[in-house]
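Please read the structure below before turning to the comments.
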């Protein structure tokens, strides 16, 4: 959420600034304090109310929000406009700015309108009907989109709360992500899609790399912003859609394609390919589906829909137009346990390998690091 | 028509159905459904109307069952405002001018009329334990109450408005076997208007607790950042133009980045320069409405004419503080009793109150919690049904 601007402090000591502590709420008392504050600040500029028409005429003087405006909000605004202007009519206000001959001009205009009305109305009627039909179609499409968005939302899972409880186990700590962040040395304008709690942004900051996170969850975005991290509250796909072609020099994402609809992954990769500069670096860290530790962590996360095999991700990246895509294991939060499991069984497996060739490789895969890292170039 | 089970209570709202939006109608529907759930024999006698502006027949006449409750509908003749005489009479009433009793009768007979419904009431008056009409301001209620006589109760949903001062309504209220009020201030208003000795009791409406999903709402409608909410009809009588004016002034004076989200029926005339900040969602589903309460920082209810304010009580259930108009006796009563919000009567108070609620998040949250406790304590269904039973006993029904 954006930072709220501080209230302007006016008036000096005589003005009571209303602060309510932990004491029991007494609304009558609060209202009395508000009354006193208003009386003591009589004539303050905030208390001057302007008519709506005047405000509208002047337009907003305060700086407009830099907040990202998503496509649904754009659609809602356009629909508001469309509804306002759909009803085409000849009954607009008639007048004239001329002082002396003004009334006469207005009279002529009124007479002209009266004479032309039957002809204009015939055309307007068709236009109104067309507008009505078109508006209805757009409204219906809007409803369909809203319905799908509501259905695809992951319900009431509070991601911030969830990640605070389980995150360090599998999501990667700031320390663990340091290695991934260091890959971006020399790149400016790094964007992280889906910043989560901001561990990667923190790691990048420690490595001296400037990065901006894109996060669709308001709580997570607010948590990042509170820590001074640069995060834009926006759905990553919406953000990519609105970014100009070849404008992003480097991108990082975790758990790419593991949430949302299956087709979102293909779409995101195609979008990324279009929005990344030539030679841009893309790094992704996902959960490894063949690793017990990777799968276990994924099953614990109620918002994860699927795991993406590293070879599949590399294949899709290449298909989307990325070059040199390759993957390697990357330690997850439970790497200590994974290491222990590998070492503990090493001796026994060496013995078993004689009778069951391949068992060592299978065990190694099973106890492999929970994550994998894919590095690709555009 | 089959036999009417012994002791059946008939609700007679002007409109009935899931698609119907309106305070009195929602109240009647919820109360009837709760009584039905608890095993009371309940029926609905209503008209075919849906649209409160045209009063055209929308639903087919006849019988249907909605969630197990029998609903009988009759064609309605709408408000004949197009008749010049009715229009002029209405204007005179609104301006508070003296209108003769005969003219009042003429006017009310043109404010919805259902011959079929009246005939049904005549024929089946003895079959029902009580008829509960709502709201007061319609021909079906006025004429229906006369037909139902000693079995007629009314949930008036009374506002302090010129109509309420008409002689015909004074007589209706005084003759009623009983009046079921939604709140104490509404009952006080009725006593002031119609006399201390009217037979009335506060019953209200119960609320089921719910859990709104703010994130779902934000994700669905792509809304980010702070938002204040208005739910309900958008019209002059509900003071929505005032809300728009104050809100735009607030944006200018405070410099805050804030949105006003509106849901409900009716046109919203959004100033061009503020399009980005005023989001009109129109009619939304019940689920979206409940989620919207949770997503809002503050619910603003600028109407001065309310008899109950379902919206305010629902917002409190979601833990959202409310900013209400101080001249609305009912809302102010709720806020003073609950400690769940603040009130304004002019622009400086609107500015200061809204600013305080947006600036002091801890206070806003605590007010929301106080409001929630108030609703759970005073408007549980157990309590409301208990009030209802006591009222019937009191009225000897």
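Protein chains in written order, with our numbering: chain A, -8 to 369; chain B, 53 to 449. Don't be surprised by glycine CBs; every beta carbon is placed ideally from N, CA and C. Please read all numbers here as calculations on a predicted model, not as lab measurements.
Can you pull the chain B neighbours of residue i, defined as C-beta to C-beta under 9 Å?
| i | result |
| --- | --- |
| residue 209/A | 266, 267, 270, 276, 277 |
| residue 61/A | 274, 275, 276 |
| residue 73/A | In chain order: nothing, as chain B lies at least about 12 Å away. |
| residue 128/A | Under the 9 Å cutoff, chain B gives no residues; its nearest Cβ is about 16 Å from residue 128/A. |
I think residue i touches residue j, with their Cβ atoms under 8 Å apart; what is that distance to the nearest whole Å?
| i | j | result |
| --- | --- | --- |
| residue 195/A | residue 186/A | Not really, about 10 Å apart at Cβ, beyond 8 Å. |
| residue 205/B | residue 183/B | 7 Å |
| residue 419/B | residue 392/B | 5 Å |
| residue 295/A | residue 249/A | 5 Å |
| residue 165/B | residue 129/B | 4 Å |
| residue 231/A | residue 259/A | 7 Å |
| residue 73/B | residue 97/B | Contact doesn't hold; Cβ gap of about 20 Å is too wide. |
Please list, in chain order, the chain B residues whose beta carbon lies closer than 8 Å to that of residue i.
| i | result |
| --- | --- |
| residue 47/A | 300, 323, 324, 325, 326 |
| residue 67/A | 273, 274, 331, 332, 333 |
| residue 137/A | 272, 273 |
| residue 224/A | 276, 277 |
| residue 29/A | 400, 401, 404 |
Along chain A, which residues have their Cβ under 9 Å away from the Cβ of residue i?
| i | result |
| --- | --- |
| residue 156/B | The premise fails here: residue 156/B is roughly 34 Å from chain A at the closest Cβ pair, so nothing lies under 9 Å. |
| residue 297/B | 40, 41, 42, 43, 46 |
| residue 408/B | 9, 11, 21, 25 |
Put residue i into one of helix, strand or coil per three-state DSSP.
| i | result |
| --- | --- |
| residue 133/B | Below a pLDDT of 50, predicted positions are generally treated as unreliable, and residue 133/B, at 49, falls in that range; the measurement from the model is reported next regardless. Here residue 133/B sits in coil by DSSP. |
| residue 98/B | strand |
| residue 194/B | helix |
| residue 253/B | strand |
| residue 92/B | coil |
| residue 63/B | strand |
| residue 198/A | coil |
| residue 242/A | strand |
| residue 368/B | helix |
| residue 367/A | strand |
| residue 431/B | coil |
Along chain A, in chain order, which residues have C-beta atoms closer than 7 Å to that of residue i?
| i | result |
| --- | --- |
| residue 58/B | The contacting residues do not exist; residue 58/B stays about 45 Å from chain A at best. |
| residue 418/B | 16 |
| residue 394/B | 18, 21, 22 |
| residue 387/B | 18 |
| residue 433/B | Ordered by position in chain A, no residue passes the 7 Å Cβ test against residue 433/B, which lies about 24 Å from the chain. |
| residue 422/B | 16 |
Would you report the Cα separation of residue i and residue j, rounded to the nearest angstrom?
| i | j | result |
| --- | --- | --- |
| residue 264/B | residue 374/B | 16 Å |
| residue 350/B | residue 172/B | 46 Å |
| residue 307/A | residue 314/A | 11 Å |
| residue 117/A | residue 105/B | 25 Å |
| residue 92/B | residue 35/A | 59 Å |
| residue 448/B | residue 180/B | 14 Å |
| residue 307/B | residue 37/A | 11 Å |
| residue 221/B | residue 126/B | 24 Å |
| residue 85/A | residue 136/A | 41 Å |
| residue 120/B | residue 56/B | 15 Å |
| residue 441/B | residue 101/B | 30 Å |
| residue 244/B | residue 275/B | 45 Å |
| residue 235/B | residue 288/B | 23 Å |
| residue 142/B | residue 159/B | 7 Å |
| residue 301/B | residue 322/B | 13 Å |
| residue 69/B | residue 107/A | 45 Å |
| residue 333/B | residue 80/B | 26 Å |
| residue 238/A | residue 325/B | 31 Å |
| residue 197/A | residue 182/A | 16 Å |
| residue 269/B | residue 433/B | 27 Å |
| residue 375/A | residue 316/B | Since the displayed chain A opens at -8 and closes at 369, residue 375/A lies outside it and no answer follows. |
| residue 311/B | residue 126/A | 24 Å |
| residue 213/A | residue 261/B | 28 Å |
| residue 29/A | residue 426/B | 29 Å |
| residue 170/A | residue 318/A | 14 Å |
Residues of chain A with a CB under 8 Å from the CB of residue i: which are they?
| i | result |
| --- | --- |
| residue 403/B | 37, 38 |
| residue 399/B | 38, 40 |
Starting from the beta carbon of residue i, find every residue of chain B whose beta carbon is closer than 7 Å, and list them in chain order.
| i | result |
| --- | --- |
| residue 131/A | Near residue 131/A there are no residues of chain B at all, since even the closest Cβ is about 13 Å away, more than 7 Å. |
| residue 11/A | 412, 415 |
| residue 140/A | 271, 272 |
Taking the runs of the beta strand (DSSP E) that are 3 residues or longer, which of them lie wholly in the region 221 to 285 of chain B?
Under the rule that a run must span 3 or more residues, the beta strand (DSSP E) segments found entirely inside the region 221 to 285 of chain B read 230 to 233, 252 to 254, 278 to 283.
Every unbroken alpha helix (DSSP H) inside the region 113 to 162 of chain A [4 residues or more]
150 to 161, all fully within the region 113 to 162 of chain A.
To test your reading of the DSSP string, which unbroken alpha helix (DSSP H) runs of 4 or more residues are found completely within the region 177 to 224 of chain A?
Counting only runs of 4+ residues, the alpha helix (DSSP H) found wholly inside the region 177 to 224 of chain A occupies 190 to 197, 209 to 217, in chain order.
What are the complete beta strand (DSSP E) segments, minimum 3 residues, inside the region 257 to 329 of chain A?
You should have 267 to 278, 314 to 321.
Identify every run of the alpha helix (DSSP H) within the region 389 to 435 of chain B, keeping only runs that are complete inside it and at least 4 residues long; order them along the chain.
Runs of the alpha helix (DSSP H) inside the region 389 to 435 of chain B: 399 to 411, 413 to 430.
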